[in-house]
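Protein chains: 2
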Amino acid sequence: MLSTMQDVPLTVTRILVHGALVHGRSQVTTWTGEGEPRRRSFRDIGIRAVQLANALRDELGVAPDDRVATLMWNNAEHVEAYFAIPAMGAVLHTLNLRLPAEQLTWIVNHAADRVILVNGTLLPMLAPLLPRLESVEHLVVVGPGDTSVLDGCRPTVHEYESLLADRPRRYDWPELDERQAAAMCYTSGTTGDPKGVVYSHRSIYLHSMQVNMGESFSLSDRDTTLPIVPMFHVNAWGIPHAAFMTGINMLMTDRFLQPAAIAEMIEAERPTHAAAVPTIWQGLLDELDARPRDVSSVRQVIIGGSACPPSLMRDFQERHGIEVCHAWGMTETSPLGTTSHPPAGAEGDEAWAYRFTQGRFPASVEPRLIGPSGEVMPWDGESAGELEVRGPWIAGAYFGGAGAEPLTPEDKFHDGWLRTGDVGVISPDGYLTLTDRAKDVIKSGGEWISSVELENHLMAHPDVAEAAVVAVPDEKWGERPLATVVLREGASVDYATLRVFLSERVARWQVPERWTIVPAVPKTSVGKFDKKVIRRQYADGQLDVTLL
Amino acid sequence: MLSTMQDVPLTVTRILVHGALVHGRSQVTTWTGEGEPRRRSFRDIGIRAVQLANALRDELGVAPDDRVATLMWNNAEHVEAYFAIPAMGAVLHTLNLRLPAEQLTWIVNHAADRVILVNGTLLPMLAPLLPRLESVEHLVVVGPGDTSVLDGCRPTVHEYESLLADRPRRYDWPELDERQAAAMCYTSGTTGDPKGVVYSHRSIYLHSMQVNMGESFSLSDRDTTLPIVPMFHVNAWGIPHAAFMTGINMLMTDRFLQPAAIAEMIEAERPTHAAAVPTIWQGLLDELDARPRDVSSVRQVIIGGSACPPSLMRDFQERHGIEVCHAWGMTETSPLGTTSHPPAGAEGDEAWAYRFTQGRFPASVEPRLIGPSGEVMPWDGESAGELEVRGPWIAGAYFGGAGAEPLTPEDKFHDGWLRTGDVGVISPDGYLTLTDRAKDVIKSGGEWISSVELENHLMAHPDVAEAAVVAVPDEKWGERPLATVVLREGASVDYATLRVFLSERVARWQVPERWTIVPAVPKTSVGKFDKKVIRRQYADGQLDVTLL
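If you read the sequences in order, they're chains A and B.
Using full-length UniProt numbering, the letters of the first sequence map in sequence onto residues 1 to 548.
Using full-length UniProt numbering, the letters of the second sequence map in sequence onto residues 1 to 548.
Okay, here's the thing in structure tokens:
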């Protein structure tokens with residue numbers, strides 16, 4: 001039997017209208033590098049979003065489902081685009097301005113973007129790509145920049161403020177199905193083509209509620225949040241949408257991402273909350289050591305994107321009184337998965353142990369661990385499995401390209417669940433600890449060995465500078481670990497000693513038989529161990545391997 | 001274009017499973033009057049909910065969509081029923097144990113309840129009704145009570161603990177449509193038959209997220225909430241569901257609702273949060289004055305159900321350091337409508353002024369005010385209109401009775417919006433102030449006059465004990481106010497003086513011409529002015545009215 005509740009869709013439009021009306025006095029403050037920041041109220045952003053929607057429809061001919069891309073920093077105009085485009089029934093496509101030209105070109109063409117809103121300062125980057133951006137009909141230049149680089153380009157060029165000027169302040173927002181596409185973001189995976197995740201109005205709405213909840217970021221109109229995480233990176237973790245839902249003020253970096261600029265804007269604008277990847281925080285910590293500034297306004301910092309070194313978390317807490325909260329998520333998860341708030345009652349070292357985990361899942365993200373033989377693993381804090389997640393803001397497929405069917409590659413989706421590619425354990429009280437990437441786990445005789453765990457133990461040995469462990473084929477066990485070790489300068493240690501060292505720390509059957517000493521571990525462009533290369537070197541017989 | 005997000009339904013089942021697994025250590029503590037309270041973990045409640053579902057299906061034959069009623073106090077077993085019944089696809093029907101026998105009988109028959117779970121202490125109340133409860137096949141007696149009153153009754157009688165004992169600890173919860181009925185609650189309106197509101201899994205899920213959000217109750221697993229508001233009263237304002245979503249501990253009153261018992265349980269169990277109607281708080285305040293106790297654990301108290309006297313709010317804040325937060329809602333709104341947190345930056349008297357309003361709406365509850373001529377009124381803090389609301393947890397119809405079509409009476413639903421029957425104004429920053437009930441407003445010459453406002457001004461006159469103002473027909477203006485005044489003992493005052501007194505406080509055209517002094521204002525059974533009776537007395541010429 002159906003309920004008698006109203007059938008009202010959850011839409012970005014509703015968030016926009018609510019924010020502009022009920023939280024009209026809340027502000028988006030955009031840092032300008034020098035002089036006064038630009039301050040714009042939610043009310044004014046609401047009005048300008050209406051004008052932008054009018055301009056996109058009436059002047060540029062944007063129709064429902066058209067992809068409208070942004071190549072922009074975090075600023076007030078980007079917030080306007082964030083709301084205007086989905087509310088009018090089109091699809092906001094945020095472009096990652098850090099991508100190599102080839103990938104960016106591929107992505108724009110794959111998404112079939114018709115319009116790009118681009119910050120003027122990014123034109124030198126975009127202009128050379130234009131000849132190959134086949135679907136793009138219009139460029140809208142936002143803010144100052146050298147437009148001469150656009151001379152003779154095919155798309156029609158518009159200036160943002162001129163486009164908005166004198167547009168009507170009303171727009172009859174269409175009635176939307178909450179499952180309709182609202183925004184999209186491509187993952188920049190290390191293998192294969194980038195993959196587009198298409199967020200729905202429903203998924204964004206629900207995710208925004210979660211961001212505001214106490215167990216996640218716990219924000220209200222008393223807060224000012226500083227999302228250093230870019231708006232092209234999974235919707236700045238949902239913060240702009242969450243802000244319009246409850247009136248959270250936003251401090252926007254624009255292009256000023258250097259540690260000194262961040263420290264300066266924190267001191268001047270006194271945000272209570274911030275969110276960024278670990279490297280930004282490390283940079284800020286170093287900056288504050290070199291040139292102390294008052295960052296005492298900040299109550300909580302969310303760190304995501306990759307695991308945060310425990311020392312960094314402790315430093316912020318102990319030296320600056322800032323609570324650092326780990327969060328785990330990915331483009332496919334909108335991104336809120338876990339946050340590492342310790343449970344009630346945990347104090348001191350126990351609390352720290354919880355904070356070093358990836359954290360706990362909200363009700364809307366259901367996790368399961370799939371073990372070596374495809375079985376669901378228990379939450380005992382010991383049984384490892386690949387993390388799979390399910391929920392209303394988790395991707396169920398990828399965008400198949402303009403007009404094509406959604407893609408559900410087997411290595412990414414499993415029986416309605418998203419395969420995260422992360423391997424870990426879950427404690428009896430639901431805390432996730434990630435131990436490895438699924439592709440790097442060693443599948444030995446129906447059991448899993450974490451490469452990361454072996455590496456961490458090896459690198460704790462005083463004579464070892466670096467260690468990378470990879471899976472290599474083994475006739476009896478399927479796979480076995482190969483330990484690749486870089487010795488510290490002047491050190492000498494034999495394999496047998498390292499084996500004993502490991503045996504004291506992990507189960508006997510996990511200890512590698514294959515060992516090699518190398519001058520350096522091959523690295524990817526972002527400095528991670530490149531295990532593909534090691535596996536290839538092993539297969540090609542390029543490594544001098546000792547079998548013990 | 002559709003998004004590629006997973007299509008995962010929002011269900012009570014998910015809340016149950018999440019709460020029992022991730023927040024398994026959180027507790028429901030049930031007060032027992034004497035001795036230790038009963039403490040039960042969310043994990044154990046989860047297991048017992050599974051056992052209850054097995055028992056209801058296998059022993060009692062409960063099928064999807066069957067209505068299973070509860071006639072119970074706030075306690076752990078009621079929480080088990082709250083989750084087991086909707087999760088198995090049946091409909092939880094909470095019965096109001098304060099209703100007169102006639103209404104309760106009508107409601108059970110209208111809902112066609114097949115099973116009633118009843119606390120043993122309530123059997124003396126239920127037993128006499130049983131012969132007329134035609135659809136009820138099973139009674140499940142929960143907790144101690146005199147079951148001899150059931151001798152010879154038609155329904156089969158079960159004992160709750162025996163029914164659960166040795167049941168399987170697994171249940172394959174059905175896949176549910178999120179719009180499916182999960183729970184129902186009848187309004188006890190002053191006119192006409194009671195009306196059933198049927199909540200969906202979706203509406204309960206979304207409402208639970210909202211309850212947890214900072215702008216509403218702002219709760220986490222660090223909190224213990226004391227919902228004094230009964231679980232048969234709009235799902236205890238959504239608190240049990242919200243608790244399982246984020247691990248909030250619950251302190252349950254069971255049948256111990258006397259101020260002394262409440263004060264005792266607060267001192268002993270140290271809740272951080274509580275929710276109840278104003279009369280409970282007034283009683284508690286008086287109790288604390290008479291016998292001081294330590295209630296310092298309580299951070300916030302939510303007051304709803306009817307407007308809270310400002311003096312009570314100030315007393316709690318100033319004498320006990322407890323923040324009292326006004327909330328407005330109704331059975332048809334799940335019930336979270338507004339909460340009266342002042343906006344950021346408001347301090348002192350300005351903050352108090354905001355706290356005395358009904359508060360601000362969340363994004364999911366869209367309000368509009370409909371004025372005297374059916375037009376939408378502006379949010380200017382002055383233009384009054386009937387409040388209409390729209391959103392995913394707002395009723396769109398009433399339950400039409402077993403097997404019948406939903407009911408959408410014109411005076412309750414308007415063009416997809418719920419007519420609340422409340423008249424008020426909304427400030428430019430979205431704060432609602434209710435001024436009157438729509439049926440009591442005086443529609444004079446296309447403008448509205450608030451009866452409550454005139455009454456409040458009149459009652460502020462030193463010689464006036466009580467005053468009721470009602471609309472009476474007027475040839476020229478449609479309606480005009482009639483002022484019915486009760487003088488204080490020994491006082492004498494003439495109508496002209498009262499007219500002048502009012503003229504100094506409201507617009508001239510709002511001042512009544514028709515006056516009458518009466519010995520007492522007629523009251524309803526719950527002590528409210530019975531304006532129907534006054535209007536009838538006027539129409540019948542029973543009042544001695546002076547026209548000035």
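Positions of the beta carbon are idealized from the N, C-alpha and C atoms, including for glycine.
The secondary-structure analysis by DSSP pairs L71/B across a beta bridge with V118/B. Taking the beta carbon of G348/A as reference, no residue of chain B falls within 7 Å; the closest one sits roughly 16 Å away. Listed along chain B, the residues sitting closer than 8 Å to M1/A by beta-carbon distance are D65, V91, Q180, A181, V198.
Along the stretch 132 to 206 of chain B, the beta strand (DSSP E) occurs as fully enclosed runs of 3 or more residues at 138 to 142, 156 to 159, 181 to 187, 195 to 200, listed in sequence order.
Interface annotation for the stretch 280 to 313 of chain B against chain A: empty, criterion Cβ-Cβ distance under 8 Å. According to the DSSP assignment, K443/B belongs to the beta strand (DSSP E) that extends over 442 to 444.
Interface criterion not met: the Cβ of F316/B is under 8 Å from no Cβ in chain A. When the five nearest sequence neighbours on each side are left out, the beta carbons in the same chain lying within less than 7 Å of the beta carbon of P372/A are those of K443, G446, E447, W448, in order along the chain. The stretch 132 to 146 of chain A makes no contact with the stretch 11 to 26 of chain A: fewer than 3 CB pairs, one atom from each, lie closer than 8 Å. In the displayed model, P473/B falls within a strand according to three-state DSSP. Boundaries around W515/B are those of the beta strand (DSSP E), 514 to 517, since no alpha helix (DSSP H) includes it. Sequence-distant partners of D436/B (beyond 5 residues in either direction) whose C-beta falls short of 6 Å from its own C-beta, in its chain, are V423, S450, S451, V452. Using beta-carbon distances, S220/B counts as an interface residue toward chain A, with a partner under 8 Å. DSSP places V301/A in the uninterrupted beta strand (DSSP E) bounded by 300 to 303. At least one beta carbon of chain B lies nearer than 8 Å to the beta carbon of W393/A. By the Cβ-count criterion, V500/A is exposed, with fewer than 16 other Cβ atoms from all chains shown falling within 10 Å of its own Cβ.
If you check the CB distance, A242/B and L219/B come in under 8 Å. Excluding its 5 nearest sequence neighbours in each direction, G400/B has C-beta neighbours in its own chain below 6 Å: P406, L407, listed in chain order.
Spatial neighbours of A69/B in its own chain (CB-CB distance under 6 Å, excluding positions within 5 residues in sequence) are listed in chain order as H93, L95, D113, I116.
What H18/B touches in chain A, judged by beta-carbon distance under 7 Å, is A363, going in chain order. For L548/A, the closest alpha carbon among the candidates A276/A, P522/A, E513/A is that of E513/A. With respect to the 8 Å criterion, A84/A and L60/A are not classified as neighbours on the basis of their beta carbons. Among the residues of chain B, those whose CB is under 9 Å from the CB of G24/A are P428, D429, G430, following chain order. Chain B has a Cβ within less than 8 Å of the Cβ of S203/A. For N212/B, the chain A residues whose Cβ falls inside 8 Å of its Cβ are M213, G214, E215, in order along the chain. Residues are counted here when their Cβ sits less than 7 Å from a Cβ of chain A; for the stretch 377 to 410 of chain B these are R390, G391, P392, W393, I394, A395, G396, A397, Y398, F399, P406, given in chain order.
DSSP places P227/A in the strand class (E or B) of the three-state scheme. Within the stretch 423 to 468 of chain B, complete beta strand (DSSP E) segments of at least 3 residues are found at 431 to 437, 442 to 444, 447 to 449, given in chain order.
Within 10 angstroms of the beta-carbon of R508/A lie fewer than 16 other beta-carbons, which makes it exposed. Contacts with chain B at 8 Å (Cβ-Cβ) include T4/A. Pairing L10/A with L123/A, the inter-Cα distance amounts to about 36 Å. Rounded to whole angstroms, the Cβ separation of L104/B and L129/B is 6 Å, and the two are in contact under 8 Å. Taking a 10 Å sphere around the C-beta of V470/B, we find 16 or more other C-beta atoms and assign the residue as buried. The three-state secondary structure of W328/A, taken from DSSP, is strand. For I15/B, a Cβ of chain A is located within less than 8 Å of the residue's own Cβ. Within the stretch 311 to 392 of chain A, the alpha helix (DSSP H) runs of at least 4 residues that lie entirely inside it are, in chain order, 348 to 356.
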